[in-house]
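There are 2 protein chains.
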Amino acid sequence: MKKAAIISVGNELLNGSTVDTNSNWLQKQLLTVCIPVVYTCSVVDDIDEIKNAIEYASKKADVILITGGLGPTDDDLTRQALAKYLNVELEYYPDIYEKIENFFISIKRPTVEKNKIQAYLPEGTIELDNKLGTAPGILYQNRKILIASFPGVPYEMKAMFDNCIYPKLQEFNAGSFLVVKKLKCVGVGESSMAQMIGDMMERNRTPLINCTVDHGVITLHIVSQAKDEKAARVAVDKDIEKLHSILGDYIYADEDLSLAEAVGRKLAQQKKTLSTAESCTGGLIAKLITDIPGSSKYFTYGWVTYSNEAKISQLGVDKNLIEKYGAVSSEVAAAMAIGAKAKSGSDYSIAVTGIAGPDGGTEQKPVGLVYISIAGPNETKTEHFLFGARNRDFIRLRSSQVALNLLRLNLCN
Amino acid sequence: MKKAAIISVGNELLNGSTVDTNSNWLQKQLLTVCIPVVYTCSVVDDIDEIKNAIEYASKKADVILITGGLGPTDDDLTRQALAKYLNVELEYYPDIYEKIENFFISIKRPTVEKNKIQAYLPEGTIELDNKLGTAPGILYQNRKILIASFPGVPYEMKAMFDNCIYPKLQEFNAGSFLVVKKLKCVGVGESSMAQMIGDMMERNRTPLINCTVDHGVITLHIVSQAKDEKAARVAVDKDIEKLHSILGDYIYADEDLSLAEAVGRKLAQQKKTLSTAESCTGGLIAKLITDIPGSSKYFTYGWVTYSNEAKISQLGVDKNLIEKYGAVSSEVAAAMAIGAKAKSGSDYSIAVTGIAGPDGGTEQKPVGLVYISIAGPNETKTEHFLFGARNRDFIRLRSSQVALNLLRLNLCN
C-alpha cells in the first residue's frame, strides 16, 4: 500500500500565527485515493530544515506533498530546498516567466524583479500550472516516489491539487479502495465504550476503528481498505450494524454531525419547536442550537434568566419555590421548563439551573451540581448531575451537551 | 537560545478528521517564554512512529511537547513510545490509580479495568496532575532536555500546561530574567496596528513585541529578556507606556483578559447592570458574559428572540416596525435594546439583529449585515456592520465582540 506524508513550510505555522488547514484538506483528498497519510510536519523557512524534512518523509512515504515556500520573497525557500534534496541545480525557464508576466497583465499589476525566481525549477522536475496565482507548483516523480510542491495559499493549492495531482495519484495507487465512516456517540464514557466494543478496537483488525473524544461526544472512525470497493463497503457496514447493536441509543448519528444538529434535525422532522430557559449555562444551549443554519425553523424563544427576579418575571417561576428549595433545585428547574414552554408556546423546552463555580458551592450543593429539566408535550422530566468541581467552561459545556442529549432521547421515544 | 518541537499523536490528525489546534495554542504559549518552536509534526497511533518522532525532535529541540495518546484505549500508545524512547519499562503506581478512581467517584461513574493503564509511567518520569480528566501527563527532564506528554483533549492539555509546565519552562530558560506582559486590543485591524506602532515590532528589537490575533482581539506580547530583572521590567513598562500613547482606546486591558471580562469589570466597578437581547447571535453574547465567574453581579436578564413573535411578545417591539423595516434593521435593533432595558430594569442593554447566513441574504441586506444597538442611561446608539459573506460562526462571534466593544466604549465615556 502506498503511503503519503505532508510537509507544510512557513514560520507563521510555527509561531502561533496560522493554523495549518491545508494538511487536513489534503489528508481527506488522499483518503479518497486510498493513500493514507502517515506523517505530517511543519517546518520553518530554512533550506536545510525543508530538505531534512523531505529526506525524513521519503523514508516513510511514497507520496510527499509540500505546501508553502514558493512565493517571490526571500523567505520562500522550498524551490531551493527541493533542488538541494535532489542534488541538482535550479534552471531558468523563459516560457514560465512569460506565463507569470501574462498573469500580472491579466490582473493589471506590474511584474517585479522578485517574481523572476518563480520561473526557476530544479533540474529533472516539471512545473504544475497555477491558474489562480503566480507561483507554479513543482512535480518530481520517479518509479518509487512522487513529490509535489504547492503554493501555501489554500485556494491556489487546492485547485492545483485537483487539476494536476489528483489524477496522477489515482494512477499511482491503482488497485485498492478505502471506505471511511463515522459514528457519533454520547452519554457514555470513552473507557466504558472501549470495554463494550472490546476487541473491535484492536490495532491489527480490519476494518480499523479509531476513537476521538470532544466534550462528552465520542466519534468512532471505521476505516476499511480492500482490493475492491464493494468488499471495503460491506466490511464497514457490517461493523456499523454490530456497533449499533452494542451501543444502541448511545449512537446519535451515522455521519459527522454535532449533537445540536442531530437534535435540530429530529425537531425539524417531527415539526416540533423548542425553547430554552438557562441559568448556569447562560445562553450556551441557545448558542449551540443557533450555530446550525436554519435553526429558526424549530427554535423560537430563549431566556437567560440569570437572576431570581428574571426567573420569576420572565418564566413565571413561583417566588415561594425559590425561597423554599433554592434557585438550584429540581423544583425550580422544572418550573423554568414549564414556564418557558407555556410562554413561548413551544412543544419542548429545556431548562438548566446549577452551580458552575468556581464560587457559590456549599456542602449540600457543591460546584458542578446541575439540574436539567425537559418539558415535552406530555410530561416534564428533571434530573440532577454532578459534574465535579472542574472548571466553569467544562461544567457549562457538559451541562449543555447532557441537556441536548436528554432532549434527543425524549424525541427518540 | 532554547528551542521547542511539538508532536501531535493520533490517527484522526492524519486522516482528515481533526485539525490540530493544540500545536498552534502551544506555539503561542512558548513564544511568551522565548522558546521558539522550530518543528511540529503529527504521527499515527503507533509506538515506533511516536518513538521515532521523539528521536527526530530531540535532535532539533531542547523542549519536546507531545499531545495525545494518553487515553485508556488500545490506540493510546504515547506512554509506551516514551518508555521505548527512554529505553525503560513502564511502572505501575497505585497512588495514581487511586486518584483516577477518586476522579470517577466524583463524577459518579464506575472505573473500568481499561483505566488501569493510565496509572503506569515510564521509569524515571513523573506524572503531571490532570484536574479535568483521568489521564495524568508525563514529564521527563534532564539537564539538557524537557519532554512533556499531555492528553490530546484541548482543555485538559491547556490546564495541564498552564499549571505544570509553564512555570518549569520559565525556569528552564533561565540564566536571564524574562518579563512578559500582554496588552489586549480591539477595534483595530492587525495591519493598521502594525503600521501605527511601526518599528517597535522589528524582529531584532528588545523588548521583542509579538502580535497574535483571535477573532478581532489583538494581543501584543511584550517580551524582555535581560540579565537583571529590574532592567527587563523597566524596558517593558516603557514600551507599554509608549503603546498606550499610540493606541489609546484600542487597548482594553493591560493583562490577559477576555473582552467580556474587561467589560464585566467596568460594569461591576460602576455598579451598573446589563441585559441582552439577541437575534442572530442566538445567546452567544450572554454566553460570553456568563463565562465570567461572578457575572451574576451585573448580568440580570437575557433574551434570545429568534422569532419575530418573540421580539414582539418578550421585548415589546412594535409589530409595525418589523413589518415596515424588517427584523434586520436599525429600528428593530434599537427597539430590542430599549425593550430589554425596560423589561429588565437594567442600566445598559445590548441588542443584535442581523443575517448570519449562509441563507437569508438579499441584495439590500446581504449575509454579514448586522445591526447592534446599545441602550444606556441617557441614550440609545445603533450602528450597522458589514462582516461580509463569511461563515456563520465568524459573523456571530465578530458581532458579539463588536457589541461588547461598543458597550465598553460607552462605559469609558
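Chains as they are written, first to last, in the numbering used here: chain A, 1 to 413; chain B, 1001 to 1413. Note that beta-carbon positions come from the ideal geometry of N, C-alpha and C, so glycine has one too.
Can you list, in chain order, the residues of its chain with a C-beta nearer than 7 Å to that of Val1213/B? Leave out the 5 residues immediately preceding and following it. Excluding sequence neighbours, Val1213/B sits near Glu1190.
Given that a residue counts as buried once 16 or more other Cβ atoms are within 10 Å of its Cβ, and exposed if not, what is Arg1392/B? By the neighbour-count definition (other C-beta atoms within 10 Å, threshold 16), Arg1392/B is a buried residue.
Enclosing beta strand (DSSP E) for Ile1292/B [first to last residue]: Per DSSP, Ile1292/B lies in no beta strand (DSSP E) segment and is marked neither H nor E.
Here's the rule I'm using: 16 or more other beta-carbon atoms within 10 Å means buried, otherwise exposed. How should Val44/A be labelled? Val44/A should be labelled buried.
Secondary structure, alpha helix (DSSP H): runs of 4+ residues fully inside the region 173 to 223 of chain A: Listed in chain order, the complete alpha helix (DSSP H) runs (minimum 4 residues) inside the region 173 to 223 of chain A are 190 to 197.
What do you reckon, are the CB atoms on Ile1312/B and Ile1350/B nearer than 8 Å? Their beta carbons are not under 8 Å apart, which means Ile1312/B does not touch Ile1350/B by this criterion.
Identify the residues that DSSP records as bridge partners of Gly10/A: which are they? According to DSSP, Gly10/A shares a beta bridge with no other residue.
Residues that Cys41/A bridges to, as DSSP identifies them: According to DSSP, which records beta bridges pairwise, Cys41/A is partnered with Ile7/A, Cys1041/B.
Straight-line CA distance for Lys324/A to Leu1013/B? So the two alpha carbons sit approximately 51 Å from each other.
Beta strand (DSSP E) segments (min. 3 residues) lying fully within the region 265 to 310 of chain A: Uninterrupted beta strand (DSSP E) stretches at least 3 residues long and entirely within the region 265 to 310 of chain A occur at 274 to 278, 299 to 305, given in chain order.
Quick check: what's the CA-CA separation for Leu86/A versus Ile50/A? Rounded to whole angstroms, Leu86/A and Ile50/A show a C-alpha spacing of 12 Å.
Quick one: what does DSSP say Ile1165/B is sitting in, helix, strand or coil? Looking at Ile1165/B - three-state DSSP - the assignment turns out to be helix.
So Pro293/A contacts chain B; which residues on that side make the cut at Cβ distance below 9 Å? For a Cβ distance threshold of 9 Å, residue set Ala1356, Gly1357, Pro1358, Asp1359, Gly1360, Arg1392 of chain B lies close to Pro293/A, ordered along the chain.
Kindly identify the DSSP beta-bridge partner or partners of Ile240/A. DSSP lists no partner for Ile240/A.
Residues of the region 1032 to 1049 of chain B with a CB closer than 9 Å to any CB of chain A: list them in chain order, please. Contact residues of the region 1032 to 1049 of chain B toward chain A are Pro1036, Val1037, Val1038, Tyr1039, Thr1040, Cys1041, Ser1042, Val1043, Val1044, Asp1045, Asp1046, Glu1049 (C-beta to C-beta distance below 9 Å).
Top-ranked residue by Cα proximity to Ser1346/B, from Pro1293/B, Ala1277/B, Lys1272/B: Measuring from the Cα of Ser1346/B, the nearest candidate turns out to be Lys1272/B.
With H, G and I counted as helix, E and B as strand and the rest as coil, what does DSSP make of Phe415/A? What the structure shows of chain A is the stretch from 1 to 413, and residue 415/A is not part of that stretch, so it cannot be assessed.
Taking the CB atoms as reference points, tell me whether Gly354/A and Ala1286/B lie closer together than 8 Å. With respect to Ala1286/B, Gly354/A sits apart: the two C-beta atoms are not nearer than 8 Å.
Please list, in chain order, all residues of the same chain as Phe104/A whose beta carbon is under 8 Å from its beta carbon, the five residues on each side excluded. Non-local beta-carbon contacts of Phe104/A in its own chain, meaning distances under 8 Å to residues more than five positions away in sequence, involve Pro110, Thr111, Asn115, Thr134 in chain order.
Can you name the residues of chain A whose CB is closer than 9 Å to the CB of Asn1024/B? The answer, in chain order, is Leu13, Gly16, Ser17, Thr18, Val19, Asp20.
Tyr1092/B vs Lys1060/B beta-carbon contact at 8 Å: No, the Cβ-Cβ distance between Tyr1092/B and Lys1060/B is not below 8 Å.
Cβ of Tyr1085/B within 8 Å of any chain A Cβ: For Tyr1085/B, the nearest beta carbon of chain A is not closer than 8 Å to its own beta carbon.
Where do the N-terminal and C-terminal ends of the alpha helix (DSSP H) with Ile105/A fall, by residue? Per DSSP, the continuous alpha helix (DSSP H) segment holding Ile105/A begins and ends at 94 to 106.
Pull up the DSSP beta-bridge partners for Lys1122/B, would you. The question names Lys, but residue 1122/B is Pro in the sequence shown. For Pro1122/B, which the question treats as bridged, DSSP gives the partners Leu1090/B.
Please list the terminal residues of the continuous alpha helix (DSSP H) segment that includes Gly152/A. It is not in any alpha helix (DSSP H) - Gly152/A carries neither H nor E in the DSSP assignment.
Starting from Gly1339/B, trace the alpha helix (DSSP H) in both directions and tell me its first and last residue. Unbroken alpha helix (DSSP H) run through Gly1339/B: 1330 to 1344.
CA nearest to the CA of Asn405/A, picked from Leu321/A, Asp249/A, Glu309/A: Nearest option by C-alpha distance: Asp249/A.
Using 8 Å as the limit for Cβ to Cβ distance, is Ser1192/B near chain A? Nearest CB-CB separation between Ser1192/B and chain A: not below the 8 Å threshold.
Could you please give the first and the last residue of the uninterrupted alpha helix (DSSP H) stretch that includes Ser406/A? The sequence shown places Leu at residue 406/A, rather than the Ser named in the question. First-last of the alpha helix (DSSP H) with Leu406/A: 392 to 412.
Between which residues of its own chain and Ala81/A is the CB-CB distance below 6 Å, once the five residues before and five after are set aside? Closer than 6 Å at Cβ, skipping near neighbours: Ile47, Ile50, Lys51.
With DSSP as the reference, identify every bridge partner of Thr67/A, one or two as the case may be. Bridge partners of Thr67/A: Ser8/A, Phe150/A.
Taking only beta-carbon atoms, is Leu70/A less than 8 Å away from chain B? Nearest CB-CB separation between Leu70/A and chain B: not below the 8 Å threshold.
Taking only three categories from DSSP, how would you classify Leu1132/B? Here Leu1132/B sits in coil by DSSP.
Among all the DSSP beta bridges, which residues are the ones paired with Val352/A? Looking at the DSSP output, Val352/A shares a beta bridge with Glu278/A, Ile372/A.
Is Asn1107/B close to chain A? Criterion is C-beta to C-beta, closer than 8 Å. Per the sequence presented here, residue 1107/B reads as Ile, with Asn not at that position. At a cut-off of 8 Å between beta carbons, Ile1107/B contacts chain A.
Give me, in chain order, the residues of the same chain whose beta-carbon lies closer than 6 Å to that of Glu1278/B; leave out the 5 immediate sequence neighbours on both sides. Residues of the same chain with a CB within less than 6 Å of the CB of Glu1278/B, apart from the 5 flanking positions on each side, are Ile1285, Val1304, Val1352 in chain order.
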